[in-house]
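Trainee:
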Amino acid sequence: MEFALSPDQRALQDSVRRSLERACPLDRVRAVAATEEPLDRAVWQTLCEIGVPALLVPEAHGGLGLSLLDAALVAEELGRHVAPVPFLGSAVLAPLALREAGSASQQAEWLPRLARGDCIAGVAMAERVAGARDGAGVQADAGRLNGSALFVLDAAQADVFIVADRDGGLHLVAADAPGLQRTALRSIDATRPLGALVFENVPAQALPGVTPATLARLRSAAWALLAADTLGAGWAMIDQAVAYAKERRQFGRVIGSFQAVKHLCAEMAAGLEPGRALVWYAAHAFDALPGEAELLSAHAKAHLSETGTFVARTATEVHGGMGITDLLGLHFWFKRIGFNRQVLGGPERLRQHAAQLQDFEARKETT
Amino acid sequence: MNLSSTPRYEAFRQEIRAFLRTHGHRSATAPTAQRPPAGALAWQRLLLEHGYAGRTVPREYGGYGAAPDVMEAYLITEEFTRAGAAPPLGNQGISMLVPTLLELGTEAQRREWIAPTLRGEVLWCQGYSEPGAGSDLAALQTRATEDGEDFLVNGQKIWTSTAHVADMIFCLVRTEPGAAKHAGISYLLFSMQTPGIAVRPLQTMTGHAEFNEVFFTDVRVPQQQIVGGRGEGWKVANATLKHERGSLGNAAVTTQRYQELVELMQAETVDGTRLIDLPVLRDRLMRLQGQVLAQKCHGLRLLTAAAAGEDLGLAALVVKLQGCELRHQLAGLAIDALGELGLLMHGSPHLRAQAIWQERYMFDLGLIIGGGTAQIQKNIIAERGLDMPREPRLAA
Numbered sequence: 001m002e003f004a005l006s007p008d009q010r011a012l013q014d015s016v017r018r019s020l021e022r023a024c025p026l027d028r029v030r031a032v033a034a035t036e037e038p039l040d041r042a043v044w045q046t047l048c049e050i051g052v053p054a055l056l057v058p059e060a061h062g063g064l065g066l067s068l069l070d071a072a073l074v075a076e077e078l079g080r081h082v083a084p085v086p087f088l089g090s091a092v093l094a095p096l097a098l099r100e101a102g103s104a105s106q107q108a109e110w111l112p113r114l115a116r117g118d119c120i121a122g123v124a125m126a127e128r129v130a131g132a133r134d135g136a137g138v139q140a141d142a143g144r145l146n147g148s149a150l151f152v153l154d155a156a157q158a159d160v161f162i163v164a165d166r167d168g169g170l171h172l173v174a175a176d177a178p179g180l181q182r183t184a185l186r187s188i189d190a191t192r193p194l195g196a197l198v199f200e201n202v203p204a205q206a207l208p209g210v211t212p213a214t215l216a217r218l219r220s221a222a223w224a225l226l227a228a229d230t231l232g233a234g235w236a237m238i239d240q241a242v243a244y245a246k247e248r249r250q251f252g253r254v255i256g257s258f259q260a261v262k263h264l265c266a267e268m269a270a271g272l273e274p275g276r277a278l279v280w281y282a283a284h285a286f287d288a289l290p291g292e293a294e295l296l297s298a299h300a301k302a303h304l305s306e307t308g309t310f311v312a313r314t315a316t317e318v319h320g321g322m323g324i325t326d327l328l329g330l331h332f333w334f335k336r337i338g339f340n341r342q343v344l345g346g347p348e349r350l351r352q353h354a355a356q357l358q359d360f361e362a363r364k365e366t367t
Numbered sequence: 368m369n370l371s372s373t374p375r376y377e378a379f380r381q382e383i384r385a386f387l388r389t390h391g392h393r394s395a396t397a398p399t400a401q402r403p404p405a406g407a408l409a410w411q412r413l414l415l416e417h418g419y420a421g422r423t424v425p426r427e428y429g430g431y432g433a434a435p436d437v438m439e440a441y442l443i444t445e446e447f448t449r450a451g452a453a454p455p456l457g458n459q460g461i462s463m464l465v466p467t468l469l470e471l472g473t474e475a476q477r478r479e480w481i482a483p484t485l486r487g488e489v490l491w492c493q494g495y496s497e498p499g500a501g502s503d504l505a506a507l508q509t510r511a512t513e514d515g516e517d518f519l520v521n522g523q524k525i526w527t528s529t530a531h532v533a534d535m536i537f538c539l540v541r542t543e544p545g546a547a548k549h550a551g552i553s554y555l556l557f558s559m560q561t562p563g564i565a566v567r568p569l570q571t572m573t574g575h576a577e578f579n580e581v582f583f584t585d586v587r588v589p590q591q592q593i594v595g596g597r598g599e600g601w602k603v604a605n606a607t608l609k610h611e612r613g614s615l616g617n618a619a620v621t622t623q624r625y626q627e628l629v630e631l632m633q634a635e636t637v638d639g640t641r642l643i644d645l646p647v648l649r650d651r652l653m654r655l656q657g658q659v660l661a662q663k664c665h666g667l668r669l670l671t672a673a674a675a676g677e678d679l680g681l682a683a684l685v686v687k688l689q690g691c692e693l694r695h696q697l698a699g700l701a702i703d704a705l706g707e708l709g710l711l712m713h714g715s716p717h718l719r720a721q722a723i724w725q726e727r728y729m730f731d732l733g734l735i736i737g738g739g740t741a742q743i744q745k746n747i748i749a750e751r752g753l754d755m756p757r758e759p760r761l762a763a
């Protein structure tokens, strides 16, 4: 048994981290947040050069053919750097949907472009995963879509959308298809904008390989990666809180020497760090133990959301008044963790889902 | 990530299973804080013979002589837990004194004490804490003064869990009164039958006397019964504490407790509804399951690192704090789920599970405090794991 990252995985994570340290300092995040353009093309270009959008695309289609655990390590780094890039929808869920359910020609048309980062895919599946709000929902009939979808991932720059309908079907929709109306939803997290789509008799191509398991696969992957993003964002907040506590002086001492402050830092680290292994395991299960993946991913996202939320508020508190200012920019991580918590299902919904998956009707082992 | 066993470990797992199939019926659990009955001693001897106890202790000291291998140790724990077999004896002599003697004892001390301790025939208690020396252990005041070839020990220890049945004590005493706080301590071994020792049971909130107070009045101990040199007791004690902390926060036990909690919530009803079907209680259960899973995976990650000789630093330091807290929360949910039934204690009609959850809720709070309080753990995590500054010391 080897419960650890491989040397290749460590190298991948290091390389993404180094690239982001150079390409995505807080100033850039701030600049993106100040515009209506919620994507940093330069940062995205840097990530495309090291193959980030190609991670999950099979080699036959010009991708790297790596595992979801590799993608989770990248997600952790993106969270750590609050990177404003279209990763979850365009580089993870869209390639997975095409890989698992697309026709040969759909795969041949879209996967190489997604792998190169030449096009961006938005993903509309919130209603099917987290429940419908404001009456949203998409109906498919004879190659046409009607209805609406909210909380669409990576919507702003998307050239194409993967859309889940009310019956569990998945469809490819061109962003310029007639009858499709796209609106931006402004969320707390300026680094990952959400969108809304309205469909009026919009032509769509169904993914022919969809089975009842397809959507479960996609949501498992999304949950694991949102958990990984929170892990990275949470550790960035802990690191900043610890660094601040070692510099800031009050009462003639650095505040990090007061146990009242030091213990907050210890509680954050002790709460968050065990979640790392859970994120690894959930992402690993997606490829290696598919029967366990959904339960583990639901738990990973719920657990990291809870510990992440604790870290977000506590790290802010350690910074004192500065923590809530825009000047320091800590709020970008705070908001990213908040986004990860709600999007595609909050902790209560995920735990309800986890309970249903285990079928406690029967008395059986569950862990 | 590769979660499958290599053929070598899979073979070892099968070996354990075969042993348990053949001999498992002789399994006998030793009650804590009591002298192991004959059946438990026989089981322990069998485990020693087959290498499931004292596995890495050299043969000349009564062990099995295997090379240290964390994966083998993990598989033994896992398979014994799975089979519901009594684990090897894990008293303080075995878990703390034996590794300390192996590391720092003299040859004579190893030959005299390790084998009978491993067999469970010689029971030890740990004389560390004092009324005035808890978290600040080095403030201990029990003193040993030279008297010819001997020391005369005077003072008081507390939280001495097995003192009422122990044959021997490993005890921290102050031998160098002029020396600095940490430099004046020595680590002594002596018999609990020595004249001048009085043991008083210390009853806790569970209603049981899980601990004792021990009083020393002119207790005569030969000077050669010291481990390490004079004034080196602090170093020796830290070696022992390292072994103690390593043994706490085991995910196998926590996972087992979670399982029991699921079964409880499936079996019990209120107003005819199973507890597990009540959404609020079930949400709490699922929240704990997430934590149990995280701890289990975290344990596997630490295990892999240990097998590779890698120190994960912070990741290893959080185990005691998180593990004890989680066990306490599991017991807390069981009691809340049982409602008024969760109040009942021994002898009452309608009592559930011999009040095990009530006792765990109280006993596990002691685990949060013992072996380094949660607050001391947080200092350790912050100072060693996050490189934060120590609290400035008061001028003496």
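From first to last, the protein sequence lines are chains A and B.
The numbering used here puts the first residue of the first sequence at 1, with every later residue one more than the last.
The numbering used here puts the first residue of the second sequence at 368, with every later residue one more than the last.
Where a beta carbon is used, it is the ideal one built from N, C-alpha and C, also for glycine.
Just so it is clear, the structure is predicted and the values come from calculations on it, not from any experiment.
Any contact of the segment 653-667 of chain B with the segment 721-737 of chain B, i.e. 3+ C-beta pairs under 8 Å?
Mentor: The segment 653-667 of chain B is not in contact with the segment 721-737 of chain B.
Trainee: Would you mind reading off the limits of the alpha helix (DSSP H) that contains A:T230?
Mentor: Run containing A:T230: 212-247, per the alpha helix (DSSP H) assignment.
Trainee: Compute the Euclidean distance between the alpha carbons of B:A701 and A:S297, then round it to the nearest angstrom.
Mentor: The straight-line gap from Cα to Cα measures roughly 26 Å.
Trainee: By DSSP's criteria, A:D141 is part of a beta bridge. Which residues make up the other side?
Mentor: DSSP output for A:D141 lists A:R144 as bridge partner(s).
Trainee: Report yes or no: is there a C-beta of chain B within less than 8 Å of the C-beta of A:M1?
Mentor: Closer than 8 Å to some Cβ of chain B, the Cβ of A:M1 qualifies, so yes.
Trainee: Give the DSSP-derived three-state secondary structure of B:R757 in the structure shown.
Mentor: DSSP places B:R757 in coil when its eight states are reduced to three.
Trainee: Return the first residue and the last residue of the alpha helix (DSSP H) that A:P203 is part of.
Mentor: Counting along the chain, A:P203 falls outside any alpha helix (DSSP H), though it belongs to the beta strand (DSSP E) covering 194-203.
Trainee: Please list the residues of the segment 373-385 of chain B that have a C-beta atom closer than 9 Å to any C-beta atom in chain A, keeping them in chain order.
Mentor: Residues passing the 9 Å Cβ filter: T373, Y376.
Trainee: Relative to the alpha-carbon of B:G406, which residue among B:M438, B:A420, B:A453, B:R426 has its alpha-carbon at the smallest distance?
Mentor: Cα-wise, what sits closest to B:G406 is B:A453.
Trainee: DSSP state of B:W724, grouped into three classes?
Mentor: Note: B:W724 maps to helix in three-state DSSP.
Trainee: For the alpha helix (DSSP H) containing A:Q9, list its first residue and its last residue.
Mentor: Where A:Q9 is concerned, the enclosing alpha helix (DSSP H) stretches over 7-23.
Trainee: Is it buried or exposed for B:R375, if we count other Cβ within 10 angstroms and need 16 for buried?
Mentor: Counting Cβ neighbours within 10 Å, B:R375 comes out exposed, since fewer than 16 surround it.
Trainee: For A:R133, list the residues DSSP reports as bridge partners.
Mentor: The partner list for A:R133 (beta bridge, DSSP) is empty, contrary to what the question assumes.
Trainee: State the CB to CB distance for the pair B:E488 and B:S553, rounded to an integer number of angstroms; the pair is presumed to be in contact (CB under 8 Å).
Mentor: Actually they are not in contact, since the Cβ atoms of B:E488 and B:S553 sit about 26 Å apart, beyond 8 Å.
Trainee: Throw me the rounded Cβ distance for the A:F3 and B:L667 pair, which I believe falls under 8 Å.
Mentor: Right, the Cβ-Cβ distance comes to about 4 Å (below 8 Å), so this counts as a contact.
Trainee: Using the three-state DSSP reduction, which class does B:W491 fall into: helix, strand or coil?
Mentor: Strand.
Trainee: Among B:E445, B:V437, B:P404, which has the Cα closest to the Cα of B:A619?
Mentor: Among B:E445, B:V437, B:P404, the Cα nearest to that of B:A619 is on B:E445.
Trainee: In its own chain, which residues sit with a C-beta less than 7 Å from the C-beta of B:Q570, not counting the 5 before and 5 after it?
Mentor: Hits under 7 Å: A576.
Trainee: Does the segment 243-259 of chain A come within contact of the segment 195-214 of chain A, defined as at least 3 CB pairs closer than 8 Å?
Mentor: No, the segment 243-259 of chain A does not touch the segment 195-214 of chain A.
Trainee: Of all Cβ atoms in chain D, is any one closer than 8 Å to the Cβ of B:D678?
Mentor: The structure shown contains no chain D; its protein chains are A and B.
Trainee: Between the segment 303-322 of chain A and chain B, which residues of the former have CB atoms less than 8 Å from a CB of the latter, in chain order?
Mentor: Cβ contacts with chain B come from H303, E306.
Trainee: What in chain B is Cβ-close to A:H81, meaning under 7 Å?
Mentor: Chain B residues near A:H81: none, gap ~21 Å exceeds 7 Å.
Trainee: Hey, how far is the Cα of A:R80 from the Cα of A:D229?
Mentor: Cα-Cα distance, rounded: 7 Å.
Trainee: Please tell me whether B:P589 and B:D703 are closer than 8 Å, where the distance is taken between their beta carbons.
Mentor: No, Cβ-Cβ distance for B:P589 and B:D703 is not below 8 Å.
Trainee: With which residues is B:V603 paired in a DSSP beta bridge?
Mentor: For B:V603, which the question treats as bridged, DSSP gives no partner whatsoever.
Trainee: Once DSSP output is grouped into helix, strand and coil, what is the label at A:L153?
Mentor: Correct three-state label for A:L153: strand.
Trainee: If we count the other Cβ atoms within 10 Å of its Cβ and call it buried at 16 or more, is B:A546 buried or exposed?
Mentor: Label assigned to B:A546: exposed.
Trainee: Taking its Cβ as the centre, do 16 or more other Cβ atoms sit within 10 Å of A:G143, making it buried, or is it exposed?
Mentor: Exposed is the call here.
Trainee: Three-state secondary structure (DSSP) at B:L667?
Mentor: B:L667: helix per DSSP, three-state reduction.
Trainee: DSSP three-state label for B:Y554, please.
Mentor: Three-state DSSP puts B:Y554 in a strand.
Trainee: Quick one: using the 10 Å Cβ neighbour count with 16 as the cut-off for buried, is A:R249 buried or exposed?
Mentor: It is exposed - the Cβ of A:R249 has fewer than 16 other Cβ atoms within 10 Å.
Trainee: Under three-state DSSP, which class holds A:H171?
Mentor: Note: A:H171 maps to strand in three-state DSSP.
Trainee: Quick one: what does DSSP say A:L357 is sitting in, helix, strand or coil?
Mentor: Correct three-state label for A:L357: helix.
Trainee: Tell me the rounded alpha-carbon separation between A:V52 and A:F151.
Mentor: Their backbone Cα atoms lie some 23 Å apart in a straight line.
Trainee: Helix, strand or coil for B:L697, going by three-state DSSP, please let me know.
Mentor: B:L697 falls in the helix class under three-state DSSP.
Trainee: Where do the ends of the beta strand (DSSP E) carrying A:C119 lie?
Mentor: Taken as a continuous stretch (DSSP letters only), A:C119 belongs to no beta strand (DSSP E), as it is neither H nor E.
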